[in-house]
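Asks: Pasting in a structure now, in structure tokens, and then I'll have a few things to ask.
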Amino acid sequence: MHAYSFDLYWSMRSPYCYLALDRLLDIYRKYLVEINLRVIYPIAIRDPDFFRVRASKHYRPYLLMDTLRIAEYHNIPFRRPVPDPVVQNLETSEIAEQQPYIYSLTRLAAVAAEKGKGLEFLDQVARLLWDGETDNWNEGEHLSGAIERAGLDAQDLMRIIRDEPERIDARIEENQRLQAEAGHGGVPLMVFNNEAFFGQDRIDLLLWRLQQHGLRERTM
577 MHAYSFDLYW SMRSPYCYLA LDRLLDIYRK YLVEINLRVI YPIAIRDPDF
627 FRVRASKHYR PYLLMDTLRI AEYHNIPFRR PVPDPVVQNL ETSEIAEQQP
677 YIYSLTRLAA VAAEKGKGLE FLDQVARLLW DGETDNWNEG EHLSGAIERA
727 GLDAQDLMRI IRDEPERIDA RIEENQRLQA EAGHGGVPLM VFNNEAFFGQ
777 DRIDLLLWRL QQHGLRERTM
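Residues in the sequence shown are numbered consecutively from 577, following the numbering used here.
Here's what the structure looks like:
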């Protein structure tokens, strides 16, 4: 059992989450720390008017430029998923009523976290979506293969999200409530000792704070 842990709030649609993945996994593998994955629905699902009404006109162009820059800086393979996990008209910012991908993806991640394999799930499934190696990740055996590589039973996870969507959504809603209590609504959000660290550019600060509290490297 590890003496140190932090919560990680994550959206399966967030490019910034994916761009934080390797550095978070490095911390997990190098240090005696547990990372508690708390998956949430993306802002487009929680607040469908966000992009159309509340977001600045500069929000999306800057995000597209910035994520490409971060990927280049850290040498991370990166391309937006095909298809997008959230069905959205990018011209009008309107969110479609029918969402065939994001609910199942988020529920699968939540169940993986319940089974103690949340990081392993992200290590495989987030890369499947974002690293640019796979078109049409939603077709064929792409997704189930990634789940299996994470050490999980894909058929079992699919059965659980089919049979227990209300229970899983209650867990996701609880994560969203806890995120709000932590003091931020964005992702990736790391929370250690009731202190929030928002954004992939705050991982070094998080590690610094953990080390201040005595975090040690693994010996094996």
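Think of the CB as a built atom: it goes at the ideal place given N, C-alpha and C, for glycine as much as any other residue.
Source: prediction; values computed, not measured.
Taking 8 Å as the threshold (C-beta atoms), are Ala722 and Gln755 in contact?
Replies: Their beta carbons are not under 8 Å apart, which means Gln755 does not touch Ala722 by this criterion.
Asks: On a CA-only basis, which of Arg614, Pro624, Ile678 is nearest Glu749? Give me that one, please.
Replies: Among Arg614, Pro624, Ile678, the Cα nearest to that of Glu749 is on Arg614.
Asks: For Glu717 and Leu681, I'd like the C-alpha separation in whole angstroms.
Replies: Going from the Cα of Glu717 to the Cα of Leu681 covers about 15 Å.
Asks: Within 10 Å of its beta-carbon, does Trp706 have 16 or more other beta-carbons around it, so buried, or fewer, so exposed?
Replies: Counting Cβ neighbours within 10 Å, Trp706 comes out buried, since at least 16 surround it.
Asks: According to DSSP, simplified to helix, strand and coil, what is Asp707?
Replies: If DSSP states are grouped into helix, strand and coil, Asp707 belongs with coil.
Asks: Could you tell me the distance, in whole angstroms, from the CA atom of Leu595 to the CA atom of Ser587?
Replies: Answer to the nearest angstrom: the Cα atoms are 12 Å apart.
Asks: From the DSSP output, read off the bridge partner residues of Trp586.
Replies: DSSP, once it has assigned bridges, lists Val615 as partnering Trp586.
Asks: What would DSSP say about Glu740, mapped onto helix, strand or coil?
Replies: Three-state result, Glu740: coil.
Asks: In the DSSP assignment, the alpha helix (DSSP H) including Leu601 goes from what residue to what residue?
Replies: Counting along the chain, the alpha helix (DSSP H) containing Leu601 begins and ends at 591-606.
Asks: Starting from Leu765, follow the alpha helix (DSSP H) in both directions and report where the run begins and ends.
Replies: Looking at the DSSP string, Leu765 is not in any alpha helix (DSSP H); the run it does join, the beta strand (DSSP E), is 765-768.
Asks: Where does the unbroken beta strand (DSSP E) through Ala772 begin, and where does it stop?
Replies: Here the beta strand (DSSP E) through Ala772 covers 771-774.
Asks: Could you tell me the alpha carbon to alpha carbon distance between Met577 and Lys691, rounded to whole angstroms?
Replies: Legend: pLDDT at Met577 = 45, less than 50; position of this residue unreliable, value from coordinates given subsequently. Near 16 Å, if we compare the C-alpha coordinates of Lys691 and Met577.
Asks: Run the CB neighbour count on Ser632, radius 10 Å, all protein chains shown included, and call it buried at 16 or more, exposed below.
Replies: Exposed, because fewer than 16 other Cβ atoms sit within 10 Å of the Cβ of Ser632.
Asks: Out of Tyr677, Asp729, Tyr585, Arg636, state which residue places its alpha-carbon closest to the alpha-carbon of Asp660.
Replies: When only C-alpha atoms are compared, the closest one is Tyr677.
Asks: Taking the CB atoms as reference points, tell me whether Gln674 and Val658 lie closer together than 8 Å.
Replies: Taking 8 Å as the Cβ cut-off, Gln674 and Val658 do not qualify as a contacting pair.
Asks: Just how far apart, CA to CA, sit Lys693 and Ala620?
Replies: Cα-Cα distance, rounded: 26 Å.
Asks: How many angstroms separate the CA atom of Asn770 from the CA atom of Leu782?
Replies: If you take the alpha carbons of Asn770 and Leu782, they lie about 12 Å apart.
Asks: So the candidates are Asp602, Arg605, Glu709, Val609; which of them puts its Cα closest to the Cα of Tyr580?
Replies: Comparing Cα positions, the closest option is Val609.
Asks: From what residue to what residue does the alpha helix (DSSP H) around Leu786 run?
Replies: Segment 779-788, the alpha helix (DSSP H) holding Leu786.
Asks: Taking Leu719 and Leu704 to be in contact with their CB atoms under 8 Å, please state how far apart those CB atoms are, rounded to whole angstroms.
Replies: Leu719 to Leu704, Cβ: 7 Å. Contact.
Asks: Within this structure, are the beta carbons of Ser669 and Phe697 separated by less than 8 Å?
Replies: No, these two residues do not count as a Cβ contact at 8 Å.
Asks: Who are Val609's beta bridge partners in DSSP?
Replies: In DSSP, Val609 forms a bridge with Tyr580.
Asks: Write down the C-beta distance between Val763 and Tyr604 rounded to the nearest angstrom, noting that I regard them as a contact closer than 8 Å.
Replies: Contact flag wrong, Cβ pair sits at about 17 Å.
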